[in-house]
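To keep things clear, I will list the structure first and then write my remarks on it.
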Amino acid sequence: MKIEYIYAAAERVWSDPQGRWLFDEPYYNHTLALEEYDLTLLPEQPIRLIVMPESELQDGASGLHLRQLLSRTDDANFPLLSRAAQVITWSRDHRFCCRCGEPLVNHDHDLAKQCSGCGLTQYPRLSPCIITLVTRGEYCLLAHGIRFPEVRYSTLAGFIEAGESAEDALSREVREEVGVEVNNIRYFCSQSWPFPHSLMFGFFADYVSGDIVPEPGEIVDARWFHYTELDEAPIPPPFTISRQLIDAFQARWTKPD
Ligand SMILES: [Zn+2]
Numbered sequence: 627m628k629i630e631y632i633y634a635a636a637e638r639v640w641s642d643p644q645g646r647w648l649f650d651e652p653y654y655n656h657t658l659a660l661e662e663y664d665l666t667l668l669p670e671q672p673i674r675l676i677v678m679p680e681s682e683l684q685d686g687a688s689g690l691h692l693r694q695l696l697s698r699t700d701d702a703n704f705p706l707l708s709r710a711a712q713v714i715t716w717s718r719d720h721r722f723c724c725r726c727g728e729p730l731v732n733h734d735h736d737l738a739k740q741c742s743g744c745g746l747t748q749y750p751r752l753s754p755c756i757i758t759l760v761t762r763g764e765y766c767l768l769a770h771g772i773r774f775p776e777v778r779y780s781t782l783a784g785f786i787e788a789g790e791s792a793e794d795a796l797s798r799e800v801r802e803e804v805g806v807e808v809n810n811i812r813y814f815c816s817q818s819w820p821f822p823h824s825l826m827f828g829f830f831a832d833y834v835s836g837d838i839v840p841e842p843g844e845i846v847d848a849r850w851f852h853y854t855e856l857d858e859a860p861i862p863p864p865f866t867i868s869r870q871l872i873d874a875f876q877a878r879w880t881k882p883d
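Here's what the structure looks like:
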């Protein structure tokens, strides 16, 4: 099977005039590429990422920011785009060794960089996070975060700290952000989230105690939503794990087995 190519500049993926952004043969002159990475995870789906200078890509092509593309792509392409986005960001942000300061060069067979001085190998960074829908019977807890660009109510999320389990991080984040206690934490699914390098672990959790107290500086508002309110609520778009948690909760009540 032919190798397929993705072309990108900075955090934008480039397409041809027909809007295609995956190519089964070279579309641009690869001798102009700034960097090239093998993104292949499955041998039957070989993919190469070609990072081009922006000046070379402007002719007849259009660039879509990865966040825009992710919001309109179908599920099948989400992991690939997420992987491409993270490799581009990682490559841009990791030029020198964090131990000795010498320049990094691409590893000869791994998707990694190696220090030209001390030999330290550095792989693309992943930051594990928890994301959780807290439920209380027919209600679920959603919050409007201070950093959201618009009025949107979403699930609670946060980074897992060094030394913490995912379950411990979940209990701590929920306590910090809305002041309630939870138990019966159940794993749902995970999603790679390339802004810039998160790996989201999705869970359901049951409410135990406490009144909602939004964390100052983090949460503008948080409240309980009845499952019948969710169709009209400003919740995240379908491609997000947050929405998948909300949809699964709603389906439990509207489509019982
Ligand atoms: Zn070094």
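Residue numbers (this note's numbering): 627 to 883. All C-beta atoms, glycine included, are put in the ideal place defined by N, C-alpha and C.
Can you name the start and end residues of the beta strand (DSSP E) that residue i belongs to?
i      : result
TRP819 : 807-819
VAL713 : VAL713 -> not in any beta strand (DSSP E); alpha helix (DSSP H) instead, spanning 704-719.
ILE772 : Premise fails: ILE772 is in no beta strand (DSSP E) and is neither H nor E.
GLU662 : 661-664
LEU825 : 824-835
TRP647 : Taken as a continuous stretch (DSSP letters only), TRP647 belongs to no beta strand (DSSP E), as it is neither H nor E.
GLN740 : 739-741
ALA848 : 845-852
Return the chain-ordered list of same chain residues with a C-beta closer than 6 Å to the C-beta of residue i, the five sequence neighbours on each side being excluded.
i      : result
PRO820 : SER708, ALA711, GLN712
ARG762 : TYR833
ALA634 : VAL677, ILE714
PHE704 : none
PRO822 : THR715
Checking 8 Å against the spacing of the C-beta atoms, do residue i and residue j come in under that value?
i      : j      : result
SER753 : PHE785 : yes
GLU630 : ASP650 : yes
ILE861 : LEU796 : no
GLU764 : HIS852 : yes
ALA888 : VAL677 : Nothing about residue 888 can be read from this structure; the chain reaches only from 627 to 883.
VAL804 : VAL839 : yes
ARG725 : CYS741 : yes
ILE872 : CYS766 : yes
HIS733 : THR747 : yes
Span of the alpha helix (DSSP H) holding residue i?
i      : result
LEU683 : 680-683
PHE875 : 867-880
LEU796 : 792-804
When the Cα of residue i is compared with those of the options, which residue comes out closest?
i      : options                        : result
ALA831 : LEU695, VAL846, ARG801, ASP736 : ARG801
CYS815 : VAL808, GLY828, VAL806, GLU807 : GLY828
GLU670 : PRO750, LYS628, CYS744         : LYS628
ASP847 : PRO822, ALA877, VAL777, GLU858 : VAL777
LEU696 : PRO863, ILE838, ILE872         : PRO863
GLU844 : GLU799, PRO882, MET826, PHE875 : GLU799
LEU690 : GLU858, GLU841, LEU768, GLU637 : GLU637
GLN694 : VAL639, GLY743, THR657, ASP857 : VAL639
THR854 : SER641, ARG878, PRO672         : ARG878
SER868 : ALA783, ARG849, ASP837, GLU680 : ALA783
LEU856 : MET826, ARG849, GLN876, LEU759 : GLN876
Output needed for residue i: all residues of its chain with C-beta closer than 7 Å, excluding positions within five of it in sequence on either side, in chain order.
i      : result
GLU661 : VAL677, SER717
ILE811 : GLU793, LEU796, PHE829, ALA831
ARG751 : TRP716, HIS823
For residue i, which residues from the same chain have a beta carbon less than 8 Å from its beta carbon, with the 5 sequence-adjacent residues on both sides left out?
i      : result
SER835 : VAL806, GLU807
Pocket of ligand 1 defined by Cβ to heavy atom distance under 6 Å:
CYS723, ARG725, CYS726, GLU728, CYS741, GLY743, CYS744, LEU746
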